[in-house]
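Q: Below you'll find the structure I mean.
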Amino acid sequence: MFRPELSKEQLLEIIGAMSEDDVARFLYCQEMAGTYLAVGKFEDMLISAMQMCDRLKVQHRLGEDADRWDRFVAKRATLQGSTLGSLIKVLEKHGIAAEDIRYLKWIKDKRDYFVHRLFHEGVWPGDLDGEDCRFMSRRLLSIQLWLSRAERRIWIIFERAGLLTLDRLDDGGFLAMNSGLEDLLRGDDDESY
1 MFRPELSKEQ LLEIIGAMSE DDVARFLYCQ EMAGTYLAVG KFEDMLISAM
51 QMCDRLKVQH RLGEDADRWD RFVAKRATLQ GSTLGSLIKV LEKHGIAAED
101 IRYLKWIKDK RDYFVHRLFH EGVWPGDLDG EDCRFMSRRL LSIQLWLSRA
151 ERRIWIIFER AGLLTLDRLD DGGFLAMNSG LEDLLRGDDD ESY
């Protein structure tokens, strides 16, 4: 572990004194951190997308006197308290295409490999040589790439299911609009979250 107040110069000195195998181990640890962040970003993006879609309901009821903001906050808390597998099960009940559910389950399997099974293979950085660390770094980079693509694809999946509308921008980005807003304006909105 590095001290929290480690300077750039001190870090460069430490890395400069490392063997090639130790540098590979160091970079492998950096990719573990990057993969952990990619998992968190994907899960947060999925929760944010699910939260904004009024047509997507979760099993949580508030009293009639709860205002719309309280329901919105409660929906986020419910989603954040759910496992990725549970979130996918909720999506299965809301018109998400079978192929998209399979894709999300495939992403979940890659996430679960990293979170739950990575070290079952004995791939501890201190136990691996440089070549094996570089191999594992490439594996983790692949997981990061898949999760990054899934962050963007979730919006397209939700659009196909009619949960939101995407306005595509010239720069390749898009703006998402809650399709349930129309329901709310017509008075058809089922407020059960």
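Numbering (UniProt numbering), first residue to last: 1 to 193.
Even for Gly, the Cβ is constructed at its ideal location relative to N, Cα and C.
The structure presented is a predicted model; accordingly, all values stated were derived computationally and were not measured.
Say the cut is 7 Å; is the CB of Thr35 nearer than that to a heavy atom of the ligand NAD?
A: Within the structure as shown, the ligand NAD is missing, as the structure has no ligands at all.
Q: Classify Thr83 as buried or exposed, calling it buried when 16 or more other Cβ atoms lie within 10 Å of its own Cβ.
A: When all chains shown are included, Thr83 counts as exposed.
Q: Considering only their Cβ atoms, is the gap separating Gly130 from Ala24 smaller than 8 Å?
A: yes
Q: Does the segment 134 to 154 come into contact with the segment 162 to 172, if we say contact requires no fewer than three beta-carbon pairs (one atom in each stretch) closer than 8 Å?
A: Contact between the segment 134 to 154 and the segment 162 to 172 is absent, because fewer than three Cβ pairs lie under 8 Å.
Q: Can you find at least 3 beta carbon pairs, one from the segment 86 to 100 and one from the segment 111 to 125, that sit closer than 8 Å?
A: no
Q: Taking just the CA atoms, how far does Tyr28 sit from Gly16?
A: 17 Å
Q: In terms of residue numbering, what span does the beta strand (DSSP E) encompassing Phe119 cover?
A: It is not in any beta strand (DSSP E) - Phe119 carries neither H nor E in the DSSP assignment.
Q: Name the DSSP beta bridge partners of Thr165, please?
A: Met177
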